[in-house]
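These notes are about the structure you will find just below.
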Amino acid sequence: MRLTERHNEYWSRNLNLTLVLTIVWFTVTFVMSFFARELATINFFGWPLSFYLGAQGSLIVYLIIVWVYARKMDQLDHEYGVNERVD
Amino acid sequence: MSSQVSSNRAFFNQLKKYYTWYTGGFIVFVIALAVLEQLGLPRVWIGYVFLFATIGLYAGIGIMARTADIAEYYVAGRRVPAIFNGMATGADWMSAASFIGMAGGLYLQGFDGLAFIMGWTGGYCLVAFLLAPYLRKFGQFTIPDFLGARYGGNLARFIGVVAAIMCSFVYVVAQIYGVGLITSRMTGVEFTVGVFLGLAGILVCSFLGGMRAVTWTQVAQYIILIIAYLIPVVWLAVKHTGIPLPQFVYGAVLAKVTEREKVLTADPKEREVRDIFRQRAAEAKARVDTLPKSWEDGKAAAESRLADLRAANAPMTEQKAAEKALADYPKTPADARKAWTAQVESNTARSAPPMPHGEPFYSGNPDPKKAGAERDLKRLNFLALTFCLMVGTAALPHILMRYYTTPTVNEARQSVFWSLFCIFLLYFTAPSLAVLAKFDIYTLIVGKNFAELPGWVAAWQKVDPRLLSITDINKDGIVQLAEIAIGQDIIVLATPEIAGLPYVISGLVAAGGLAAALSTADGLLLTIANALSHDLYYKMIDPNASTHKRITVSKVLLLVVAILAATVSAQAPADILFLVSAAFSLGASAFFVPLVAGVFWKRATKWGAVAAMIGGMSVTWYYMITTQPWLRGVFNVTRPVSDYLWFGIQPISAGIFGLPVALALLIIVSLLTPVPDRQTQELVDHVRFPNLKGDGISTLST
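As given, the protein sequences belong to chains A and B, one line each in that order.
So for the first sequence, the working numbering puts the first residue at 1; every next one is plus one.
So for the second sequence, the working numbering puts the first residue at 1001; every next one is plus one.
Shown next as C-alpha cells:
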C-alpha cells in the first residue's frame, strides 16, 4: 500500500523523538564519562558527581528515557490512528 | 478485539494473584528455615533444602507450563503482560556474573568498574527505541527470522544462526559453570556432579514447555534473586547508617572510605608490607632474567634440601613439605618463566597502595606525564567498554527474543521499561554494596589482631584461598590492608556473614545466585535450540515439517546442546569471564547494524547485511585472537601483544572495531547493489507502524 502524508509525518516525528533521546543517552553516558575526572571535584549530596552519575544518576536517566519513549509513542500512535486496538 | 482485551486483563489479574501468593509463600519458607536454624538445624541441611526446594519449584512450574503448541513453545503464546515480561527479561539478563561478580568487581576496580553498571543498563535505551517495538510488530519467533525476511533469503538467516549460536554458546557455558560452582558449594558435592545437577534444573524448566515454561520460571526466579540480593545489603546499611536504604545513604560511607584510604596509604606498617611485596617482585624478576641458570640452581637447591632433611631424619611434616616443594617446582625453564613472570605481576600488584575508590581513571604513577597518559588510556578503555556492552546488550538474541512475547507493540515498549526497572533494582544497589563492604573490611578487619578475626574469614579462607586470604606478611600479628587478598566473588557471598546475619540468609544468597544462573542458562539454551530447530531445520531444510515434528526436533536439540554445554563447562575452560564479554562484542558487531538498518534504512540490501555481519564478526575475532592471552595461546600467536593493539584498547572491547567496519560495509555494499524489491520495502513499512490499515502483509506467526 502507499503511505499517506500522515504516515510519513508519524514516522518523522518518531525519528525526531528517537534522535533526541539518543542524544540524551549519549551525553549522559559518554560525554559525562569523558569529563569524569573534572566532574569528580563537584560534591553531589556526599558523592563525587561523576561517581554518582556512573553508579546511579545515569541509570535513573535511562529509566526516564525508556519511559518517555513508551509514553510518547503511545500518544503518537493514537494521534495518527496507527494504534493497535480500540479500547 | 475487546474480548481479547478483557481476556488479557483476566490473565494479568490471575498472574498477579499467583505470583503474590508465591512471593508470600517464599518469604514464609525462609522464615520457617530461620526458625529451624535457631532450633538447631545443621547448616548443610539448610543448603540442601534451599537447593532442592527451589529447583523442585522451578520444575513444578516447568511441568505445569508444558505445551505442544508452536506459538506457545516459541513465544509463550504472545500474551505475556509487559511487567511480567520485564521480570522474565531481568532474570534472563542477570547472570551469575551480575549477581555474584558485579559488586566484587566494583569493590576491586572502584570507579572504573562502573562501565559494567552503565553498559549493562544503558543498552536498554537502544533496545527500547531501535529494536523492541519493531521486532514485536514483525512478530515471528527468532532473530534470524527477521534477518531472513528483511534481507531476502536463507543466506542472511544462516549467518544469523551462526552468530546467534556463537554468542549464546560461550555465554551458556559460563552460566552452567556458575551453576556447578554454586551447587557444589551449597551442598558439598563435587563440581562435576554440581554441573549435572544444575543441568537437570535447567532442563526441567525448558524441556517440556519451551519459551512458555521458561518465561514463567524466570519470573519466579527473578523474585527469588532480587529478594536474596537486597536483604543482606539493606541489613548492612542499617548497621552502618541506621537507614534501610543503602542506595541513598552510602555517599557518606564513600567519604569515610576515601578518608581511610588516605590513612592507609601513608601508614608505615602498610608501607612495610608493600615493600616486602616489592622485594619479592624484584627477586622473582631477577630469577626470570637469569633463566635458565636460575631454574637449574633452584631445582638443585630443592633437591639438596630434601636430601639433607632425609639424611638428618627431620620430622615427617618438614620432609613432606620439601617433597611437595620439589614436586611443585616448574618442570622446564619455559614453565618457570611463566610461573615466575606471574609472580612478578602478582607481587607488583600487591605492592601498590590502595586504589582510591571514587576516583575516575586512577593512575598511581609518580611521573605526572606518564600518569596522565595512563589515565587517558584508562578513560578510552572505559568509554570503549561501556559502548561495547551497551550495543552488545541491544544485540543479544536471547534478550531480543523476549520482546516477541508481549501481546502488542505498545506493551513491548512498556516491557522494555519494566525490564530495565527490574535490572535497575540490582544494578542500582551493587555500587552501594561494594562501598559498604569496603568500609567494613577497611575498618573491622584491617588493624585487628590475627587472633581476633571473625570466624567467617577463616571459613572462607578454607573454602577457597583465591576468594579470600589474609596472611601475616610482616609478622607483626596485626592485619594490614596490604596483607588481604580478595577475589571478587567473595563480596556478595560473604555479605550475610559480614553483616552478622544468620546462616539461612547465606543459603538464600546462594539460592539467588543459582536462580540468576539457571534463568540465564534457560534463555540461552532456548535461543540456541530455536536457531537450530526453527531457522535451520524448519525454514531451511524441511519447510513442510509438521508442528509435532518441529517441536520434537526442537526438544531433542535442546537436550543435545545442553549436554554439550555441560560437558564443556565440566572441563572448566580457562578464562571463562572473558568469553562472556566476548559474547557482547560478537553480538554487537554481528547483529546490531543489520537489525537497526533493517528497520531504519530501506536502502539496506541483502548483500550489505551479509557483508556487514561477516566483516564485523571477522574483525572482532581477529582482534580478540591477536590480543587476548588465552586465545593467543590457542591460536599460537607469538609476536608481542603490543604489535596488535590498536589505540591500546583491551580485547574485552573488541567490538568497538567490528561495529564501525560492519556499518561501513553495510552502507557501501548496499549502495553498490540494487535497491531492495517492493515487497521488502513494504515489509519495512509494515514493521514501522504498529497498525498499518490496509497493508497487505501479515508476518505474525501463530
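Glycine residues also receive a C-beta, built at the ideal position from the N, C-alpha and C atoms.
Mind checking if Arg37 (chain A) is an interface residue toward chain B, Cβ cutoff 8 Å exclusive?
yes
Can you give me the Cβ contacts of Phe1657 (chain B) inside the same chain, cut-off strictly under 6 Å, excluding the 5 residues immediately before and after it?
Val1619 and Tyr1623
Applying the 10 Å Cβ sphere with the 16-neighbour rule, what's the burial state of Gln1014 (chain B)?
exposed
In the DSSP output, which residue or residues are listed as bridge partners for Ser1294 (chain B)?
According to DSSP, which records beta bridges pairwise, Ser1294 (chain B) is partnered with nothing at all.
Do you know offhand how far Met1401 (chain B)'s Cα is from Gly1615 (chain B)'s?
Roughly 24 Å between the two C-alpha positions.
Can you tell me where the alpha helix (DSSP H) holding Ser1469 (chain B) begins and where it ends?
From DSSP, Ser1469 (chain B) is part of no alpha helix (DSSP H) but of the beta strand (DSSP E) over Leu1468 to Ile1470.
Val31 (chain A) CB to nearest chain B CB: under 8 Å?
no
Starting from Ile1484 (chain B), follow its DSSP beta bridges and name the residues at the other end.
B:Ile1470
Count the other C-beta atoms from every protein chain shown that fall within 10 angstroms of the C-beta of Thr1142 (chain B), then say buried if there are 16 or more, exposed otherwise.
buried
Out of curiosity, what's the CA-to-CA distance linking Asn1008 (chain B) and Arg1079 (chain B)?
7 Å
Are at least three pairs of beta-carbons, each pair with one atom in the stretch 1384-1398 of chain B and one in the stretch 1048-1065 of chain B, less than 8 Å apart?
no
Could you please tell me which residues of the stretch 1675-1693 of chain B, in chain order, have their CB closer than 7 Å to any CB of chain A?
Asp1685, Arg1688, Phe1689, Pro1690, Asn1691 and Leu1692
Compile a chain-ordered list of the residues in the stretch 1417-1428 of chain B whose CB is closer than 8 Å to at least one CB of chain A.
Within the stretch 1417-1428 of chain B, the residues whose Cβ lies closer than 8 Å to some Cβ of chain A are Phe1417, Leu1420, Phe1421, Phe1424, Tyr1427 and Phe1428, listed in chain order.
Give me the residue from B:Val1599, B:Tyr1503 and B:Ala1300 with the minimum Cα distance to Leu1135 (chain B).
Comparing Cα-Cα distances from Leu1135 (chain B) to each of B:Val1599, B:Tyr1503 and B:Ala1300, the minimum goes to B:Val1599.
Would Glu1402 (chain B) count as contacting chain A if we go by Cβ distances under 8 Å?
Sequence check: residue 1402 (chain B) is Arg here, not Glu. Not flagged as an interface residue toward chain A: Arg1402 (chain B), since no C-beta distance is shorter than 8 Å.
According to DSSP, Pro1042 (chain B) sits in a beta bridge with which residue or residues?
Note: Pro1042 (chain B) sits in no beta bridge, so no partner.
Below 8 Å between beta carbons: does that hold for Val1189 (chain B) and Leu1197 (chain B)?
For Val1189 (chain B) and Leu1197 (chain B), yes; Cβs fall inside 8 Å.
Which residues, in order along the stretch 60-72 of chain A, keep a beta-carbon less than 7 Å from a beta-carbon of chain B?
Tyr62, Leu63, Ile65, Val66, Trp67, Tyr69 and Ala70
With DSSP as the reference, please indicate the residues paired to Asn43 (chain A) in a beta bridge.
Partner(s): A:Pro48.
Taking Cβ positions, are Ile1216 (chain B) and Ile1061 (chain B) nearer each other than 8 Å?
The amino acid occupying residue 1216 (chain B) in the given sequence is Trp; Ile does not appear at that position. Yes, Cβ-Cβ distance for Trp1216 (chain B) and Ile1061 (chain B) is below 8 Å.
So is Thr41 (chain A) in contact with chain B if we call contact Cβ pairs under 8 Å?
no
Quick check on DSSP: helix, strand or coil for Ile1751 (chain B)?
A query on residue 1751 (chain B) cannot be resolved here, the shown segment of chain B reaching from 1001 to 1702 and no further.
Could you check whether Ser1670 (chain B) and Ala1588 (chain B) sit closer than 8 Å to each other, using their CB atoms as the reference points?
no
Run through chain B and tell me which residues come within less than 7 Å of Asn8 (chain A), C-beta to C-beta.
What Asn8 (chain A) touches in chain B: nothing, since even the nearest Cβ is about 10 Å away.
Keeping to the same chain, check which residues put their C-beta closer than 8 Å to that of Val1202 (chain B); ignore five residues upstream and five downstream.
According to the sequence displayed, residue 1202 (chain B) carries Ile and not Val. Within the same chain, Ile1202 (chain B) has close Cβ partners Ile1176, Val1179, Leu1518, Ala1521, Asp1522, Leu1525 and Ala1562.
When the Cα atoms are used, what is the spatial distance from Leu1108 (chain B) to Asp1308 (chain B)?
44 Å
Which residues, in chain order, does the stretch 1097-1131 of chain B contribute to contact with chain A at a C-beta distance below 7 Å?
Phe1111, Leu1114, Ile1117, Met1118, Thr1121, Gly1122, Tyr1124, Cys1125, Ala1128 and Phe1129
Just the Cα atoms here: how many angstroms apart are Ala1053 (chain B) and Glu1497 (chain B)?
23 Å
If you draw a straight line from the C-alpha of Phe51 (chain A) to the C-alpha of His1548 (chain B), how long is it?
54 Å
List the endpoints of the continuous alpha helix (DSSP H) containing Gln75 (chain A).
Ser58 to Glu79
Taking 8 Å as the CB-CB limit, is Phe1011 (chain B) close to chain A?
Not flagged as an interface residue toward chain A: Phe1011 (chain B), since no C-beta distance is shorter than 8 Å.
Pull up the distance between the alpha-carbon of Ser1148 (chain B) and that of Leu1114 (chain B), whole angstroms please.
Checking the sequence, you will find Gly at residue 1148 (chain B) rather than Ser. The alpha-carbon atoms of Gly1148 (chain B) and Leu1114 (chain B) are separated by roughly 37 Å.
Against Asn958 (chain B), what residues of chain A qualify as contacts under a CB-to-CB distance less than 8 Å, listed in chain order?
Residue 958 (chain B) is absent from the structure shown; chain B starts at 1001 and stops at 1702.
Below 8 Å, can you find three or more Cβ-Cβ pairs linking the stretch 1217-1234 of chain B to the stretch 1497-1510 of chain B?
yes
Trp1601 (chain B) lies in the alpha helix (DSSP H); which residues open and close that run?
No alpha helix (DSSP H) holds Trp1601 (chain B); DSSP gives it neither H nor E.
Is there a C-beta anywhere in chain A that falls below 8 Å from the one on Pro1081 (chain B)?
no
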